[in-house]
Amino acid sequence: MKTIKISEAVWQAIAQRGKFGETEDDVLRREFKLPACLNGDINKVKNRKTLATQRMTSYISNNHLFIGFQNGQPKEWELPDRNNKVRIRAILNEAITFVKNNGASLGQVNAVRKTMTDEGYHLTK
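Using numbering that gives the first Met the number 0, you'd call the opening residue of the sequence shown number 0 and step up by one each time.
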């Protein structure tokens, strides 16, 4: 793979011709009518096409985190004060372990995190 320097005007022209998800290489190949790269010079990101195999529900009600699966027993955790980051992290880790043990997809794992943050239970790395 080669690296080149281009002007802002050229960069904008490539960006205008590009479609969502395309790399600069994809745009130039299309514009110059070149075949797709077959020699493996470009490392593409591996597609994650994992779909959930069962429905999962996660929500917070009355300071309790509830997580349930379509074909399994639900589980709940009592949530601490929003400033108790140590306990929030422990509960989040327990919840993530629970959903992974139930065969959750990456999207379902992230949904558990989002449920917590949407209700104000924020963590920093």
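Backbone N, C-alpha and C fix where the C-beta goes; we use that ideal spot for every residue, glycine too.
Between residue i and residue j, is the Cβ-Cβ spacing less than 8 Å?
| i | j | result |
| --- | --- | --- |
| Val111 | Ile59 | no |
| Val85 | Val98 | no |
| Glu75 | Asn62 | no |
| Tyr120 | Ile95 | no |
| Arg16 | Glu7 | no |
| Val26 | Ile13 | yes |
| Leu64 | Ile90 | yes |
| Arg54 | Gln69 | yes |
| Ser104 | Leu50 | yes |
| Thr186 | Ser57 | What the structure shows of the chain is the stretch from 0 to 124, and residue 186 is not part of that stretch, so it cannot be assessed. |
In terms of DSSP beta bridges, what is residue i paired with?
| i | result |
| --- | --- |
| Lys74 | Ile66 |
| Tyr58 | Phe65 |
Since I believe residue j is in contact with residue i (beta carbons under 8 Å), could you give me their beta-carbon distance rounded to a whole number of angstroms?
| i | j | result |
| --- | --- | --- |
| Thr52 | Gly102 | 6 Å |
- Message: To test your reading of the DSSP string, which unbroken alpha helix (DSSP H) runs of 4 or more residues are found completely within the segment 75-114?
- Response: Qualifying alpha helix (DSSP H) stretches, in chain order: 84-100.
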